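The structure under discussion appears below in the form of structure tokens.
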Amino acid sequence: MASATSTLMEAYCFPFFISLISLLIVRWLIKRFTKSEANLVFPPTPPALPIIGHNYLLSSKLPQSLQTLARRYGPLMQIRIGSSTFVVVSNAAVAKEIFITHDLDFASRYEPCPGEYNIYSGSGFMTGPYGQYWLFMKKLCVTKLFAQPQIDRFNRIREQEIVKILKSLMKRSREGEPCNLGTELAYMTNNVIFRMIISKRLSENNDESKYMRKLAVEMTELAAKLGVSKVFSFLTKMDLFGNGKKLKEVFRRYNEFAEQIMKEYEENGIINGGENEDRDLMDILLETFRDRDAEVKLTRNQIKYFVLELFFASVDGISTTIQWAIAELVNRPDVFNKLRKEIDSVVGLTRLVKESDVPKLPFLQAVLKETMRLHPLGAIIHRECVRDCKINGFDVKARTKALINAYAIMRDPEEWENPDEFLPDRFLIKFNGNNDEHHEQMQMEGQDFGYIPFGGGSRACVGSTHANLVMRTTIGALVQCFDWKIKGGEDVGINVGSGSFPGKMELPLIAYPITRFDPLN
Numbered sequence: 001m002a003s004a005t006s007t008l009m010e011a012y013c014f015p016f017f018i019s020l021i022s023l024l025i026v027r028w029l030i031k032r033f034t035k036s037e038a039n040l041v042f043p044p045t046p047p048a049l050p051i052i053g054h055n056y057l058l059s060s061k062l063p064q065s066l067q068t069l070a071r072r073y074g075p076l077m078q079i080r081i082g083s084s085t086f087v088v089v090s091n092a093a094v095a096k097e098i099f100i101t102h103d104l105d106f107a108s109r110y111e112p113c114p115g116e117y118n119i120y121s122g123s124g125f126m127t128g129p130y131g132q133y134w135l136f137m138k139k140l141c142v143t144k145l146f147a148q149p150q151i152d153r154f155n156r157i158r159e160q161e162i163v164k165i166l167k168s169l170m171k172r173s174r175e176g177e178p179c180n181l182g183t184e185l186a187y188m189t190n191n192v193i194f195r196m197i198i199s200k201r202l203s204e205n206n207d208e209s210k211y212m213r214k215l216a217v218e219m220t221e222l223a224a225k226l227g228v229s230k231v232f233s234f235l236t237k238m239d240l241f242g243n244g245k246k247l248k249e250v251f252r253r254y255n256e257f258a259e260q261i262m263k264e265y266e267e268n269g270i271i272n273g274g275e276n277e278d279r280d281l282m283d284i285l286l287e288t289f290r291d292r293d294a295e296v297k298l299t300r301n302q303i304k305y306f307v308l309e310l311f312f313a314s315v316d317g318i319s320t321t322i323q324w325a326i327a328e329l330v331n332r333p334d335v336f337n338k339l340r341k342e343i344d345s346v347v348g349l350t351r352l353v354k355e356s357d358v359p360k361l362p363f364l365q366a367v368l369k370e371t372m373r374l375h376p377l378g379a380i381i382h383r384e385c386v387r388d389c390k391i392n393g394f395d396v397k398a399r400t401k402a403l404i405n406a407y408a409i410m411r412d413p414e415e416w417e418n419p420d421e422f423l424p425d426r427f428l429i430k431f432n433g434n435n436d437e438h439h440e441q442m443q444m445e446g447q448d449f450g451y452i453p454f455g456g457g458s459r460a461c462v463g464s465t466h467a468n469l470v471m472r473t474t475i476g477a478l479v480q481c482f483d484w485k486i487k488g489g490e491d492v493g494i495n496v497g498s499g500s501f502p503g504k505m506e507l508p509l510i511a512y513p514i515t516r517f518d519p520l521n
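Given below as structure tokens:
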């Protein structure tokens with residue numbers, strides 16, 4: 001009996017011993033070749049609540065909320081919003097790590113609204129991941145769509161639309177009526193972008209331009225409402241208030257509109273090859289679509305979504321920045337008069353300021369730079385980490401989303417003296433010329449990550465040159481041609497609003513334009 005028992009124990013002990021040894025070896029291998037979560041050092045984080053994470057610490061004015069938290073938890077902190085983990089970047093040194101040292105690790109972006117209701121989900125360039133399609137479209141933007149020769153072709157469009165807004169404002173001036181400057185500027189910018197894309201077919205058809213604007217506004221507002229369900233993923237498919245269904249319907253209407261435009265270009269043979277002077281962006285996109293030798297075969301949906309992204313990225317950002325510039329200038333009469341004096345000395349009162357004048361107007365350039373520093377087009381820059389890495393000495397896991405707070409970085413007191421004040425002179429170099437005459441010129445831009453109004457790294461804004469042309473010339477024209485009297489007071493409230501476009505002014509800029517110079521007569 002004892003012998004049988006001993007034999008039975010030997011029969012079970014050997015497999016058990018082998019299993020134990022195997023388990024220990026596997027455990028050692030896991031420790032050897034992977035990093036235990038316990039050994040990782042994550043960025044500091046505020047106390048979180050179950051389910052909602054750090055939502056209770058955030059307001060509708062997200063950049064300011066994150067700036068407040070960063071003052072306590074540091075320039076790189078980690079927060080959780082719903083089921084998503086984010087790292088928040090709030091100073092220039094950490095931004096440089098993201099944009100330079102780890103550029104490819106953070107070269108992807110993510111779509112902020114739920115893809116369930118976006119019929120073009122997965123077709124994005126500006127909101128898409130880093131990959132073959134993104135690289136192809138970036139190259140197309142740099143070499144064709146927004147290359148300098150193509151931007152120069154749009155000079156006539158920009159000049160015509162500036163003249164249109166001046167005519168509208170002068171009419172109000174004659175009638176003694178105030179204007180909503182934000183609305184006027186959004187209409188102008190919308191026309192500029194619309195005509196850049198389809199200048200031949202619909203260049204003078206304002207109804208089409210207005211319809212495009214209407215669709216874009218509807219999409220933006222519905223996407224903002226769906227932001228909550230993006231944070232709380234379990235709400236995404238529920239669509240409690242029907243906003244997802246409404247968004248999908250707006251996308252469908254836009255799809256029909258864009259398809260109609262593309263077919264008309266194709267059926268009427270509007271597409272031109274070569275370097276035709278009238279070539280627009282749709283020409284280039286459809287020409288690329290038909291190119292059998294292209295590195296990437298574009299789809300019709302990718303073209304439609306690229307056009308839509310271009311509207312989202314341009315119209316509100318450009319018009320809002322111009323509005324902020326006028327508001328800041330009205331509140332600072334000394335700065336306003338200095339800019340006007342510069343324009344008068346270079347251009348005079350015989351013609352309208354032009355794009356070709358801008359290089360000789362350093363203070364105008366400085367005014368725009370200071371406006372974008374205080375009121376950036378994109379206050380929060382979105383990125384997504386594609387592989388584990390170390391940032392500022394902390395571990396960041398793959399799939400972590402990054403929020404680069406341009407608003408906080410460009411108001412950092414360690415980077416800027418009097419960071420909350422509107423001081424365009426900070427961007428000028430002053431020197432004495434011949435006969436001790438005082439001169440000013442713009443500082444040359446370098447790799448300064450304390451100033452990132454157009455982002456940075458490989459995903460910096462590809463349309464920044466065009467945006468600067470529109471904004472500088474429009475600001476110059478509004479200062480050259482008008483005095484501004486604010487309805488209901490002397491100063492403009494410099495408060496940021498909330499909602500679908502977080503960089504907008506809290507209250508619309510309602511002002512009386514008083515004609516000072518009419519270049520149209």
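Under the UniProt record's numbering, the first residue of the sequence shown is numbered 1, with each subsequent residue one higher. Each residue gets a CB set at the ideal place from its N, CA and C atoms; glycine is no exception. A quick note: this is a predicted structure, and the numbers were derived from the prediction, not measured.
Counting C-beta atoms within 10 angstroms of its own C-beta, D425 has fewer than 16 neighbours from the protein chains shown and is therefore classed as exposed.
Runs of the beta strand (DSSP E) lying entirely within the segment 401-428 and spanning at least 3 residues, in chain order: 401-405. Comparing C-alpha distances from E267 to each of N255, D283 and A398 shows the shortest one belongs to D283. As the crow flies, the alpha-carbon of S90 is around 19 angstroms from that of E421. Burial state of R411 is buried, judged by a 10 Å Cβ sphere holding 16 or more other Cβ atoms.
Contact holds between the segment 356-376 and the segment 332-339, because three or more Cβ pairs, one in each stretch, are under 8 angstroms apart.
Leaving aside the five residues that flank T321 on each side, the residues in its chain whose CB is nearer than 7 angstroms to its CB run, in chain order, T371, M372, H375, L377 and M471.
For E208, the closest C-alpha among the options A223, Y187 and M219 is that of Y187. In this structure, the beta-carbon distance from I429 to A406 does not fall below 8 angstroms. With contacts defined as CB atoms closer than 8 angstroms, Y110 and K354 fail to qualify as a contacting pair. Less than 8 angstroms separates the beta-carbon of I326 from that of W484. From the listed residues G489, S464, F312 and V41, the smallest Cα separation to F146 is found for S464. With respect to the 8 angstroms criterion, L166 and C481 are classified as neighbours on the basis of their beta carbons. Taking all protein chains in view, the Cβ of R292 is surrounded by fewer than 16 other Cβ atoms within 10 Å, so the residue is classified as exposed. Boundaries for V307: no beta strand (DSSP E) harbours it, while the alpha helix (DSSP H) harbouring it runs R300 to N331, taken from the DSSP string. In the DSSP assignment, E249 forms no beta bridge with any residue. Per DSSP, the unbroken alpha helix (DSSP H) holding I193 starts and ends at L181 to I197.
When secondary structure is reduced to three states using DSSP, G457 falls in the helix class. DSSP places L361 in no beta strand (DSSP E); its state is neither H nor E. In the three-state scheme derived from DSSP, where H, G and I count as helix and E and B as strand, M238 is classed as coil. Taking C-beta separations shorter than 6 angstroms and ignoring five residues to either side along the sequence, the partners of E97 in its chain run I391, following chain order.
The beta-carbon distance between G244 and L226, rounded to whole angstroms, is 6 angstroms. This is short enough to meet the 8 angstroms contact definition.
Closest option to G455, judged by alpha-carbon separation, among E259, M126, P44 and P519: M126. Between G393 and G128, the alpha-carbon positions lie close to 28 angstroms from each other.
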